[in-house]
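K.L.:
Quick note, the sequences are listed as chains A and B, same order. My numbering applies: residue 80 is where the first sequence begins, and numbers increase by one. My numbering applies: residue 267 is where the second sequence begins, and numbers increase by one.
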Amino acid sequence: MGTRAVEVSALSKYYKAAAPDSPGLWGALFGRRQTVCAVDDISFAIETGEIVGLLGSNGAGKTTAIKCLTGILVPTHGKVRVLGFDPYRDRYRYSYNIGLILGQKSQLLWDVPVIESYKLYRDVYEVADSDFRRRLGEYSDMLDLHTVLKTPVRKLSLGQRMRAEFVAALLHNPKVIFLDEPTLGLDVVAKDRIRQFLLEVNRAFGTTVILTTHDMRDVESLCRRVLLLEAGKLVYNGAISTLKDLENVRVMQVSYSAIVDHRRFEELSLTWHVSSTYERGMCLHVPQGEIVQCLQRAMAALDITDVTVEAPSLEQIMRKILERGLGNVPHNQAHSPV
Amino acid sequence: MYPITKLTALFRRYIIISLRAESEFRADFLTSVIQLVLNSVLVIVFWDAIFRITGPVNGWTFADSVMMAGVGELSWVVAMLFPGMDVLPDRIIKGDFDRYLTKPAPVLLSFAWERLSIPRVFHSLVAGLCVLGLAVFQFDFQATGMGIALGLVLMTLGRVSLVLLNTSVSLVGFWAGKMQTVQSVLGEFSRFARYPVVFFGSPMRLLLTWVWPYGLYLTYPVLLARGELELSRNLLTGAGLLLAGWWLVVLLLFRAGLRRYESFEG
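(1) Please decide whether residue 370 (chain B) counts as near chain A, where near means a Cβ-Cβ distance under 8 Å.
(2) For residue 289 (chain A), is the classification buried or exposed, using 16 other Cβ atoms within 10 angstroms of its Cβ as the cut-off for buried?
(3) Based on DSSP bridge pairs, tell me the residues matched to residue 480 (chain B).
(4) My output table needs one value for residue 258 (chain A): the three-state DSSP class, helix, strand or coil.
(5) Can you say whether residue 371 (chain B) is buried or exposed, counting buried as having 16 or more other CB atoms within 10 angstroms of its CB?
(6) Return the first residue and the last residue of the beta strand (DSSP E) that residue 324 (chain B) is part of.
(7) Provide the residue(s) that pair with residue 124 (chain A) in DSSP beta bridges, ordered along the chain.
(8) Would you mind telling me which residues of chain B sit closer than 7 Å to residue 186 (chain A), beta carbon to beta carbon, in chain order?
(9) Tell me the rounded alpha-carbon separation between residue 180 (chain A) and residue 148 (chain A).
(10) Under DSSP, the alpha helix (DSSP H) around residue 289 (chain B) begins and ends at which residues?
(11) Start and end of the alpha helix (DSSP H) containing residue 461 (chain A)?
(12) Kindly give me the distance between the Cβ atoms of residue 295 (chain A) and residue 394 (chain A), rounded to whole angstroms, as I take these residues to be in contact under 8 Å.
(13) I'd like to know if the stretch 469-481 of chain B and the stretch 311-322 of chain B are in contact, where contact means that at least 3 CB-CB pairs between them fall below 8 Å.
(14) Pick out whichever of B:379, B:358, B:364 and B:328 has its Cα sitting closest to the Cα of residue 345 (chain B).
(15) Please go through the same chain and pick out, in chain order, the residues whose beta-carbon is closer than 8 Å to the beta-carbon of residue 338 (chain A), but skip the five residues on each side of it.
(16) If contact means a Cβ-Cβ distance below 7 Å, which residues of the stretch 219-245 of chain A contact chain B?
(17) Consult DSSP for residue 389 (chain A) and reduce its assignment to one of helix, strand or coil.
(18) Please report the distance separating the alpha-carbon of residue 416 (chain A) from that of residue 133 (chain A).
(19) Shortest alpha-carbon distance to residue 93 (chain A) belongs to which of A:156, A:128 and A:213?
(20) Check the Cβ of residue 529 (chain B) against every Cβ in chain A and list those closer than 7 Å, keeping chain order.
(21) Output the distance between the C-alpha atoms of residue 269 (chain B) and residue 401 (chain A), rounded to the nearest integer angstrom.
(22) Let me confirm a value: residue 388 (chain B) is counted as buried when at least 16 other C-beta atoms fall within 10 Å, else exposed. Which label applies?
(23) Mapping the DSSP letters down to three states, classify residue 253 (chain A) as helix, strand or coil.
(24) From the beta carbon of residue 452 (chain B), is the nearest beta carbon of chain A less than 8 Å away?
(25) Identify the contact partners of residue 283 (chain B) in chain A, using a Cβ-Cβ distance below 8 Å as the criterion.
(26) Which of the three DSSP states, helix, strand or coil, is assigned to residue 366 (chain B)?
(27) Verify the CB distance criterion: does residue 174 (chain A) have a CB-CB separation below 8 Å to chain B?
(28) Along chain B, in chain order, which residues have C-beta atoms closer than 7 Å to that of residue 202 (chain A)?
(29) Could you please tell me which residues of the stretch 287-311 of chain B, in chain order, have their CB closer than 7 Å to any CB of chain A?
(30) What residue ranges within the stretch 360-437 of chain B form continuous alpha helix (DSSP H) runs of no fewer than 4 residues, ordered along the chain?
(31) Checking contacts by CB at 8 Å: is residue 171 (chain A) closer than that to chain B?
(32) Applying the criterion that 16 or more other CB atoms from any shown protein chain within 10 Å of the CB defines a buried residue, is residue 329 (chain B) buried or exposed?
(33) Relative to chain A, which residues along the stretch 487-520 of chain B have a C-beta separation below 7 Å, given in chain order?
(34) Please list the partners that residue 249 (chain A) has in chain B, where partner means a Cβ-to-Cβ separation under 9 Å.
(35) Tell me, which residues are paired with residue 364 (chain A) by DSSP?
(36) Return the CA-CA distance between residue 324 (chain B) and residue 331 (chain B), expressed in angstroms with no decimal places.
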């Protein structure tokens, strides 16, 4: 810890695209082309050994940012340094130090057994034979891959393929791993296995991990810090705990013995919000300072059988943020330094 | 520049991968063998029919045409070492370069070698040598050892130039997107590959030698093999320059193209 693995300064990436006001054949041939901003003037830094989540809705610019960091895309403006390299200009030397997993694009050769892809990457990254065998053995153990090494990639299930992708991306022991939706479409068990694997690699080698995902359980189990992108702009850079604190509410689950009209209870306070109800219970979002008051009123009004109070999950918070924005975040918190 | 030892190791690895992949699809390999045999037979039958009517044209005989068919088959050995350039624009649009751009290996070579089919290369080699043997032993083509060697060098330079030309056109896909129409229009010129350039007048002969190098890798190697060696120095120098020129064009287009690469999908 302590040294910076990634430094991004005023990074922007623009694309050219056909303007929507130029439809039809004429528009296709001679229509105006507009500049679309995918990433807009973002700056951040990531420490060596950190696991950071890059979050945002679809089209927010997460994947574009990752691709600028890996050297796939050339930034339109701004500066990117990863491990001291300019990813685009120093591509050859830089790529020895990184691993990339794109959930929607395979790195493996489709028609040949998995092991052939690994041997290819051994030669590409010039990994010593002993290191190759040791890492392949260890990672195959951790991800339970031994049985599929001789199976062609096209015959693997999605879960098996994603686990195989992880090994391919890590065989050369990269210092930084970029993961773009690595658990997309996986079942709960496969996701959990991959999360454990990543934590183990991070712990054992101090590998820096940068992750984009829509699965907040990935983020909660792996990251302590998140970067939140919205329409290409960085709107939050800080700890998950701080992000949760911004949402100054608690989720109260109340169960009771008789069927009641829930609206009656909600009318007791303007600040409590009944988010869902069921036959003999309801879920309330209550400001943190009003928990006791809310509980007292609930106990007075209803025959309570059970109560739980907990902080909202990151998923609930993200849903709210993506729906209504981050308007209440103080400026220095939204762009806080590392 | 990439270390030659690394390139050799990668090429060897892709050969193994190709063999493994082909063993997965044996039926496809067998049909491709039949197609290649049929192709050579049809060319010989065609020229036999023509020369029975015309006799030699501009000093070009039936044996020369059989020899040219053999050279053409052999030139596929060279072309098939760099396959996939025709699908490059489609892959650029789909953002399939991502995996190559993040690896310490040459991007275009990795893209090509991943599509390598060693059994087909081997088959073209065997078919080409058989047809050459047929020209020499069956149809009495008069060849010299030095002539054949220089002819093979010229064929290699010319065929690689054609590969680079096609690659240059494909790389325009970074800007233009889909290139199938342009590729198929340019592909029409490949019809000229069936005929020796000695059949044509000077301007066409120049065009088919130094722009679309069909003459360079098909007709002139036959003339060199026949022993007309006074041609060799100018031709080899010209072919070397042509190759270097197209290589430079590919390099510049590729470097500029990567700045335009948009890496769609995923």
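Idealized CB from N, CA, C, for every residue including glycine.
P.N.:
On the basis of the supplied data:
(1) Here residue 370 (chain B) refers to the residue found at position 104 when the second sequence is read from its first residue. Yes - at least one Cβ of chain A is within 8 Å of the one on residue 370 (chain B).
(2) For this step, residue 289 (chain A) is matched to residue 210 along the first sequence. The C-beta of residue 289 (chain A) has 16 or more other C-beta atoms within 10 Å across all chains shown, which makes the residue buried.
(3) In the second sequence, the residue the question calls residue 480 (chain B) occupies position 214. Note: residue 480 (chain B) sits in no beta bridge, so no partner.
(4) Working through the first sequence from its first residue, we reach residue 258 (chain A) at position 179. The answer is strand: DSSP assigns residue 258 (chain A) an E or B state.
(5) By one-based count along the second sequence, residue 371 (chain B) stands at place 105. The residue in question, residue 371 (chain B), is buried, as its Cβ has 16 or more Cβ neighbours within 10 Å.
(6) Numbered from its first residue, the second sequence carries residue 324 (chain B) at position 58. Looking at the DSSP string, residue 324 (chain B) is not in any beta strand (DSSP E), and its letter there is neither H nor E.
(7) Position 45 of the first sequence, counted from the start, is the residue given in the question as residue 124 (chain A). According to DSSP, which records beta bridges pairwise, residue 124 (chain A) is partnered with A:86.
(8) Working through the first sequence from its first residue, we reach residue 186 (chain A) at position 107. Those within 7 Å of residue 186 (chain A) in chain B are 365.
(9) If you number the first sequence from 1, residue 180 (chain A) lands on position 101. If you number the first sequence from 1, residue 148 (chain A) lands on position 69. Rounded to whole angstroms, residue 180 (chain A) to residue 148 (chain A) spans 13 Å at the Cα level.
(10) Walking along the second sequence from the start, residue 289 (chain B) turns up at place 23. Taken as a continuous stretch (DSSP letters only), the alpha helix (DSSP H) holding residue 289 (chain B) covers 270-290.
(11) Summary: the structure shown does not reach residue 461 (chain A), with chain A confined to residues 80 through 417, and so no result is reported for it.
(12) Stepping through the first sequence from its first residue, residue 295 (chain A) is reached at position 216. Stepping through the first sequence from its first residue, residue 394 (chain A) is reached at position 315. Yes, they are in contact, since the Cβ atoms of residue 295 (chain A) and residue 394 (chain A) sit about 4 Å apart, within 8 Å.
(13) no
(14) For the purposes of this step, residue 345 (chain B) is taken as residue 79 along the second sequence, with counting starting at 1. Of the listed residues, the one whose Cα sits closest to residue 345 (chain B) is B:379.
(15) If you number the first sequence from 1, residue 338 (chain A) lands on position 259. Closer than 8 Å at the Cβ level, and outside the excluded window around residue 338 (chain A), lie 358 and 359.
(16) 231
(17) Looking up residue 389 (chain A) in the first sequence gives position 310. Strand.
(18) Sequence index remark: in the first sequence, residue 416 (chain A) carries index 337 (1-based). Sequence index remark: in the first sequence, residue 133 (chain A) carries index 54 (1-based). Note that residue 416 (chain A) has pLDDT 37, beneath the 50 cutoff, so the model's placement of it is unreliable and the number below is only indicative. Using only the alpha carbons, I get a separation of about 15 Å.
(19) As a working note, residue 93 (chain A) is residue 14 in the first sequence. Nearest C-alpha to residue 93 (chain A): A:156.
(20) The residue given as residue 529 (chain B) occupies position 263 in the second sequence. The contacting residues are 146, 151 and 152.
(21) Stepping through the second sequence from its first residue, residue 269 (chain B) is reached at position 3. Stepping through the first sequence from its first residue, residue 401 (chain A) is reached at position 322. In a straight line, the C-alpha of residue 269 (chain B) is about 49 Å away from that of residue 401 (chain A).
(22) Reading the second sequence from its first residue, position 122 is the one you call residue 388 (chain B). Burial call: exposed.
(23) Working through the first sequence from its first residue, we reach residue 253 (chain A) at position 174. Correct three-state label for residue 253 (chain A): coil.
(24) Here residue 452 (chain B) is taken as the residue at index 186 of the second sequence, counted from 1. Not one chain A Cβ lies under 8 Å of residue 452 (chain B).
(25) Stepping through the second sequence from its first residue, residue 283 (chain B) is reached at position 17. By Cβ distance, chain A contributes 188, 191, 195 and 199.
(26) Numbered from its first residue, the second sequence carries residue 366 (chain B) at position 100. Note: residue 366 (chain B) maps to helix in three-state DSSP.
(27) Reading the first sequence from its first residue, position 95 is the one you call residue 174 (chain A). True, the Cβ-Cβ gap to chain B drops below 8 Å.
(28) Working through the first sequence from its first residue, we reach residue 202 (chain A) at position 123. Per Cβ cutoff of 7 Å: 275, 276 and 279.
(29) 287 and 290
(30) 364-367, 373-379, 384-399 and 411-437
(31) The residue you call residue 171 (chain A) lines up with position 92 of the first sequence. Taking a beta-carbon distance threshold of 8 Å, residue 171 (chain A) counts as an interface residue toward chain B.
(32) The residue you call residue 329 (chain B) lines up with position 63 of the second sequence. With 16 or more Cβ atoms within 10 Å of its Cβ, residue 329 (chain B) is classed as buried.
(33) none
(34) The residue given as residue 249 (chain A) occupies position 170 in the first sequence. Here the premise fails: no neighbours, minimum Cβ distance about 13 Å.
(35) The sequence position of residue 364 (chain A) within the first sequence is 285, counting from 1. Partner(s): A:330 and A:352.
(36) As a position in the second sequence, residue 324 (chain B) is number 58, starting the count at 1. As a position in the second sequence, residue 331 (chain B) is number 65, starting the count at 1. Residue 324 (chain B) and residue 331 (chain B): Cα-Cα distance of roughly 13 Å.
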